[in-house]
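J.: Handing you a structure now.
Protein chains: 4
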Amino acid sequence: MSPKTRIPRQQRGIETRDSILAAARELFSAKGFHGTNSKEIAGRAGVSIGSFYSYFKNKKVLFMEVFKAYKQEQIIRILREQNRQRIETLGRATIVRAIIESILAAHDLSPGFDREAMVMCYADPEVKEYHGEIERQINAQLVETLRQVEDRLRVTDLEAAAAVVSNAVVMTVHSIKIFDAPLPRDRLIDALAEMIRRFLFKDSEAPAG
Amino acid sequence: MSPKTRIPRQQRGIETRDSILAAARELFSAKGFHGTNSKEIAGRAGVSIGSFYSYFKNKKVLFMEVFKAYKQEQIIRILREQNRQRIETLGRATIVRAIIESILAAHDLSPGFDREAMVMCYADPEVKEYHGEIERQINAQLVETLRQVEDRLRVTDLEAAAAVVSNAVVMTVHSIKIFDAPLPRDRLIDALAEMIRRFLFKDSEAPAG
Amino acid sequence: MSPKTRIPRQQRGIETRDSILAAARELFSAKGFHGTNSKEIAGRAGVSIGSFYSYFKNKKVLFMEVFKAYKQEQIIRILREQNRQRIETLGRATIVRAIIESILAAHDLSPGFDREAMVMCYADPEVKEYHGEIERQINAQLVETLRQVEDRLRVTDLEAAAAVVSNAVVMTVHSIKIFDAPLPRDRLIDALAEMIRRFLFKDSEAPAG
Amino acid sequence: MSPKTRIPRQQRGIETRDSILAAARELFSAKGFHGTNSKEIAGRAGVSIGSFYSYFKNKKVLFMEVFKAYKQEQIIRILREQNRQRIETLGRATIVRAIIESILAAHDLSPGFDREAMVMCYADPEVKEYHGEIERQINAQLVETLRQVEDRLRVTDLEAAAAVVSNAVVMTVHSIKIFDAPLPRDRLIDALAEMIRRFLFKDSEAPAG
DNA sequence: AATGAATGAGAATTCATTCAT
DNA sequence: AATGAATGAATTCTCATTCAT
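Protein chains in written order, with the working numbering: chain R, 78 to 286; chain A, 78 to 286; chain W, 78 to 286; chain G, 78 to 286.
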């Protein structure tokens with residue numbers, strides 16, 4: 078049972094496939110999924126449409142691949158940022174900053190694609206589904222992070238806390254990066270950080286840095 | 078120079094126009110902007126495409142109208158909810174609940190269209206622009222609300238606070254209504270409320286209801 | 078529930094639809110179903126492809142319409158020929174000739190389309206199905222015709238007789254009209270007529286004309 | 078000037094070529110000429126498309142080869158069946174049965190391909206041409222057979238008789254095997270046999286088996 | 001004013017065939 | 001000789017929009 082789409086066995090094939098993925102990501106970022114057609118993607122990848130369709134069943138499947146790769150890169154960034162330092166040695170504010178920064182960093186990966194990723198999350202059930210899985214992983218990681226400093230926390234429902242914190246961060250990041258928030262970025266991030274800190278941590282802690 | 082699209086002055090014309098708007102809203106909600114075509118809208122509105130195009134320059138313009146009307150309904154709901162009671166007479170928790178409820182109510186208006194509204198916010202600059210204006214109004218209103226209890230607040234940058242609070246609420250509402258959050262709604266709302274309360278208010282207040 | 082394809086309400090629409098049907102029949106006759114594309118059909122009908130697809134869901138559906146109309150014309154011709162005279166007043170040979178001629182006439186309607194009709198009968202289940210229904214009607218009519226002279230017949234299983242007679246005629250007609258039989262038409266028709274006469278009728282009859 | 082397509086001289090090459098022919102026959106049978114693509118054929122034959130095209134100039138040429146081989150097998154079967162016994166020793170009914178059986182047997186070879194063979198006979202001039210040649214051979218053989226019992230025959234134009242008899246048989250076989258005739262096979266075959274017997278043979282003969 | 005017929009650019013996709021490795 | 005990557009013309013079909021009646 079041979080697959081309908083080609084699985085490259087030769088170096089050349091792998092390169093072609095990758096160039097399509099790269100071209101697609103650029104174009105989806107710039108012009109959106111609906112604003113980009115397959116001919117254009119093939120053209121920018123320096124490839125014929127024939128090749129396009131021998132590597133990807135259709136534009137949607139290609140999008141899913143780009144999307145998944147993007148989400149994987151995002152999650153890697155987030156995990157890397159959150160695991161950079163021994164969390165339990167850090168002060169509250171630093172921990173909160175680290176959480177925010179990790180998400181900020183993930184959204185700096187490719188702001189254009191990030192925007193289109195959201196479009197598709199809201200528009201397409203399959204994309205939404207995958208997005209949900211990633212969210213769950215990110216939240217699980219955040220729960221893990223919080224558990225390491227559990228004795229300093231005031232919140233008890235760590236899962237719910239992780240979820241609302243991450244919602245707050247993500248939406249604020251989008252408001253800054255995508256929606257041109259009318260307030261300066263720093264005021265928003267400061268407010269965000271303060272909100273999260275007060276929510277999560279007990280007050281007793283010495284005003285750490 | 079007469080305008081290209083008709084401005085109905087008679088009762089009949091206004092009804093036709095409204096039926097198109099209603100049909101469009103239903104279809105955009107169910108199938109999205111790209112998934113709905115003008116013939117379908119006209120058909121559901123019980124109108125010929127000829128008429129359709131004499132009332133609306135094109136599909137995008139129609140969407141904008143539907144979108145604007147929707148956002149106006151949303152903002153009315155939010156303001157109404159937040160002004161229902163004399164805010165300064167309420168306890169902290171009640172105020173926070175009122176804020177959350179007002180936004181929840183706004184998103185209950187039409188969950189389907191709400192979803193598509195987000196799609197278009199992320200996808201289309203013009204929609205994004207209008208969305209931004211509404212956000213600003215909502216945040217201004219929230220600032221106003223907060224100012225009424227300013228002496229009980231711990232936050233000082235009310236504008237930034239309003240922005241992050243509203244981000245947190247909106248994203249959490251979406252995670253519940255649109256993204257099928259894996260946690261039960263109540264745990265999320267409780268966590269959200271607690272986060273907002275601790276962020277905004279001084280601790281000293283008696284544990285009010 | 079509006080149908081997907083347009084049902085013409087205006088005179089113009091009916092003319093357009095008919096011109097597409099006519100163009101399709103010509104082109105299918107000349108170049109076959111697979112050898113003709115929708116653009117070509119639209120072009121010959123003097124119509125845009127847009128119109129083409131608003132009247133016919135796709136090429137296959139159009140073919141079916143042309144095919145059905147053609148088969149109806151055929152069956153009308155066959156019935157008309159067989160009912161032209163009071164059958165019981167005719168001699169054996171005349172009856173047989175009338176049967177053969179009726180089928181010959183039906184295949185003279187449009188030899189090109191007749192050929193393509195056979196292609197599709199063998200190739201496509203839906204076409205085969207409809208073909209089968211028509212065959213059944215033709216055979217039923219032949220049975221009816223035979224029953225009018227039943228006392229002069231030697232065959233008893235009229236249905237089977239009608240079927241094999243009509244098979245013999247049809248294939249011989251095809252061998253003449255489509256397959257360029259190496260023998261002159263008259264020798265084939267004479268042999269065919271003799272075969273049918275001897276099969277169906279008792280010998281006792283005076284050598285009628 | 079070497080031929081464009083390879084003529085295999087080694088065992089390996091011959092096997093490859095045969096496997097392509099076999100795969101093509103199966104696929105053409107199941108999905109038709111137009112419904113089968115070259116990649117699929119190559120795939121089923123366990124061969125690269127590169128190889129495919131080094132053995133066969135194109136898909137049509139491959140079809141012709143499969144078709145010719147099929148027709149050869151058919152003709153062999155027919156001849157073998159008709160020559161199985163010394164014809165002049167048989168009774169009329171047996172002879173007729175033998176003729177019918179020989180053609181039935183030929184169409185049992187591969188009903189699926191038989192169908193597609195007819196499609197292409199009607200659709201393609203080159204196929205039609207070859208089909209005609211085979212028909213002529215079959216009819217010549219039938220004439221030969223009949224000549225062996227010429228004194229018992231009533232027909233004089235043996236060539237025309239052979240042609241119409243074979244037409245009757247073939248179409249009836251198709252109506253049974255391909256077109257799902259509404260009558261049971263046996264009634265059709267009985268009627269067919271009777272028709273042919275009465276046509277060909279003098280009545281005087283003793284009711285032989 | 002209303003209707004719905006007509007348009008045609010443009011999008012997705014397929015597949016026979018070639019050719020570099 | 002064999003492979004399978006690459007090609008791109010060709011085809012089907014959609015849909016926003018215009019315009020004659």
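We put the CB at the ideal spot given by N, CA and C, even for glycine.
This structure is a prediction, so every number in the text was calculated from the model and none was measured.
(1) So residue 93 of chain G is in the alpha helix (DSSP H); what residue range does that whole segment cover?
(2) Taking contact to mean 3 or more Cβ pairs, one atom from each stretch, closer than 8 Å, check whether the region 125-135 of chain R and the region 170-180 of chain R are in contact.
(3) Closer than 9 Å, CB to CB, is residue 168 of chain A near chain R or not?
(4) What residues from the region 191-215 of chain A come within 8 Å of chain R, judged by C-beta to C-beta, listed N to C?
(5) In the DSSP assignment, find the alpha helix (DSSP H) that holds residue 131 of chain W and state where it starts and stops.
(6) Short of 6 Å in beta carbon distance, which residues of its chain neighbour residue 109 of chain W, apart from the five on each side in sequence? Order them along the chain.
(7) I think residue 276 of chain R touches residue 238 of chain R, with their Cβ atoms under 8 Å apart; what is that distance to the nearest whole Å?
(8) If we count Cβ pairs, one from each stretch, closer than 8 Å, do we get three or more for the region 112-124 of chain W versus the region 149-163 of chain W?
(9) Check residue 278 of chain W in the structure and name its three-state DSSP category.
(10) Could you work out which residues of chain R lie near residue 228 of chain A, taking near to mean beta carbons separated by less than 7 Å?
(11) Which residues does DSSP pair with residue 230 of chain G in a beta bridge?
(12) Does the beta-carbon distance from residue 212 of chain A to residue 264 of chain R come in below 9 Å?
(13) In the structure shown, what three-state DSSP assignment does residue 161 of chain G receive?
(14) Give the interface partners of residue 260 of chain R over in chain A, defined as CB-CB distance under 8 Å, in chain order.
(15) Along the alpha helix (DSSP H) that carries residue 186 of chain R, what are the first and last residues, could you check?
(16) Kindly say whether residue 267 of chain G, judged by its beta-carbon, lies nearer than 9 Å to any beta-carbon of chain W.
(17) Whose Cβ in chain A lies nearer than 8 Å to the Cβ of residue 109 of chain R?
(18) Spell out whether any CB of chain G is found under 9 Å from the CB atom of residue 245 of chain W.
(19) Starting from the Cα of residue 122 of chain R, find the closest Cα among R:144, R:147, R:96 and give me that residue.
(20) Please check if any C-beta of chain R sits within less than 9 Å of the C-beta of residue 178 of chain A.
(21) With a threshold of 7 Å on Cβ separation, who are the neighbours of residue 250 of chain W within its own chain once the five nearest residues in sequence on each side are excluded?
(22) What is the DSSP secondary structure of residue 140 of chain A, counted as helix, strand or coil?
(23) Quick check on DSSP: helix, strand or coil for residue 260 of chain R?
(24) Can you tell me the Cβ-Cβ gap for residue 190 of chain W and residue 106 of chain W, rounded? I've got them flagged as a contact below 8 Å.
(25) What did DSSP end up calling residue 201 of chain W once you bin it into helix, strand or coil?
(26) Counting only beta-carbon separations shorter than 9 Å, does residue 252 of chain G have a partner in chain W?
(27) Listing by chain order, which chain R residues have their CB less than 7 Å from the CB of residue 276 of chain A?
(28) Give the DSSP-derived three-state secondary structure of residue 83 of chain R in the structure shown.
(29) Is the region 142-152 of chain A in contact with the region 198-214 of chain A, if contact means three or more CB pairs nearer than 8 Å?
(30) Could you tell me whether the Cβ atoms of residue 164 of chain G and residue 246 of chain G are closer together than 9 Å?
(31) Mapping DSSP to helix, strand and coil, what is residue 225 of chain G?
(32) Between the Cα of residue 186 of chain W and the Cα atoms of W:144, W:266, W:90, which residue gives the shortest distance?
(33) Give the DSSP-derived three-state secondary structure of residue 244 of chain A in the structure shown.
(34) Is it true that the CB of residue 254 of chain A sits closer than 9 Å to the CB of residue 256 of chain R?
(35) If you reduce the DSSP assignment to three classes, tell me which class residue 216 of chain W lands in.
(36) Label residue 228 of chain R either buried or exposed according to how many other C-beta atoms from any shown protein chain fall within 10 Å of its C-beta, with 16 as the threshold for buried.
T.: In terms of the structure at hand:
(1) Residue 93 of chain G -> alpha helix (DSSP H) spans 88-108.
(2) Result no; under three Cβ-Cβ pairs closer than 8 Å.
(3) Between residue 168 of chain A and chain R, the shortest Cβ-Cβ separation is not below 9 Å.
(4) From the region 191-215 of chain A, only 192, 193, 195, 196, 198, 199, 200, 205, 208, 209, 212, 213 have a Cβ closer than 8 Å to chain R.
(5) Segment 126-132, the alpha helix (DSSP H) holding residue 131 of chain W.
(6) So the list reads 193, once near-sequence residues are dropped.
(7) Rounded, the Cβ-Cβ distance is 7 Å, consistent with contact.
(8) Verdict: no, contact absent.
(9) Correct three-state label for residue 278 of chain W: strand.
(10) The contacting residues do not exist; residue 228 of chain A stays about 18 Å from chain R at best.
(11) BP columns for residue 230 of chain G point to G:278.
(12) Taking 9 Å as the cut-off, the Cβ atoms of residue 212 of chain A and residue 264 of chain R do not count as close.
(13) Assignment of residue 161 of chain G by DSSP, reduced to helix, strand and coil, places it in the coil class.
(14) Correct list: 236, 237, 240.
(15) Neither: residue 186 of chain R is in no alpha helix (DSSP H) and is coded neither H nor E.
(16) Under the Cβ criterion of 9 Å, residue 267 of chain G is counted among the residues facing chain W.
(17) What residue 109 of chain R touches in chain A: 200.
(18) Closer than 9 Å to some Cβ of chain G, the Cβ of residue 245 of chain W qualifies, so yes.
(19) Ranking the options by Cα distance to residue 122 of chain R, first place goes to R:96.
(20) Residue 178 of chain A does not count as touching chain R.
(21) Closer than 7 Å at Cβ, skipping near neighbours: 180, 181, 184.
(22) Judged by DSSP in its simplified three-state form, residue 140 of chain A adopts helix.
(23) In the structure shown, residue 260 of chain R sits in coil (DSSP, three-state: anything other than H, G, I, E or B).
(24) Contact between residue 190 of chain W and residue 106 of chain W holds: their C-beta atoms lie close to 4 Å from each other, under 8 Å.
(25) Reduced to three states, the DSSP call for residue 201 of chain W is coil.
(26) Under the Cβ distance rule, residue 252 of chain G counts among the residues neighbouring chain W, one pair being separated by less than 9 Å.
(27) Per Cβ cutoff of 7 Å: 271, 272, 275, 276.
(28) If DSSP states are grouped into helix, strand and coil, residue 83 of chain R belongs with coil.
(29) Under the three-pair Cβ rule at 8 Å, the region 142-152 of chain A counts as touching the region 198-214 of chain A.
(30) It is not a contact, given that the beta carbons lie outside the stated cut-off.
(31) Residue state, collapsed to three classes: coil.
(32) Comparing Cα positions, the closest option is W:144.
(33) Here residue 244 of chain A sits in helix by DSSP.
(34) No. Outside cutoff.
(35) Shown here, residue 216 of chain W sits in a helix according to DSSP, grouped into three states.
(36) With fewer than 16 Cβ atoms within 10 Å of its Cβ, residue 228 of chain R is classed as exposed.
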